[in-house]
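Position 75, counted from 1, in the sequence shown is what the working numbering calls 77; the numbers after and before it change by one each time, with no gaps. Heads up, the beta-carbon is just placed ideally off N, CA and C, and yes, glycines get one too. Note that this is a predicted model, so its numbers are computed, not measured.
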Amino acid sequence: MNLSLAVVGLINGYGIEGSSHLYGLFSDTVEAYEIVLAGVELVCATKDNEYSDLFYAIPWSQGTLGPLAAAEIKVIPVRE
């Protein structure tokens, strides 16, 4: 079976995948989002800046808050 996952879908949707039981939902690995707001303004949302409400609202939003332009994702090292 060939499964493919899109990063934007994992962020805006449910974000559950094979290692979720170890590391949490995919959105738990995100450090920052860049999103385009309705006024065509690109903002960066983090846990502790003025857009922190967006940071916590983007996961599960299904893209209703605006187009996601970029995401800074924490890399989890692979064990050998």
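For A59, the secondary structure class from DSSP, reduced to helix, strand or coil, is helix.
Following the DSSP letters along the chain, one finds V45 inside the beta strand (DSSP E) bounded by residues 44-48. Counting along the chain, L70 sits inside the beta strand (DSSP E) bounded by residues 70-75. Taking the Cα positions, V10 is about 15 Å away from L56. Contact check for E43 against A73 fails: the beta carbons are separated by 9 Å or more. The C-alpha of S63 lies about 6 Å from the C-alpha of N14. Under the three-state reduction of DSSP output, I13 falls in the helix class.
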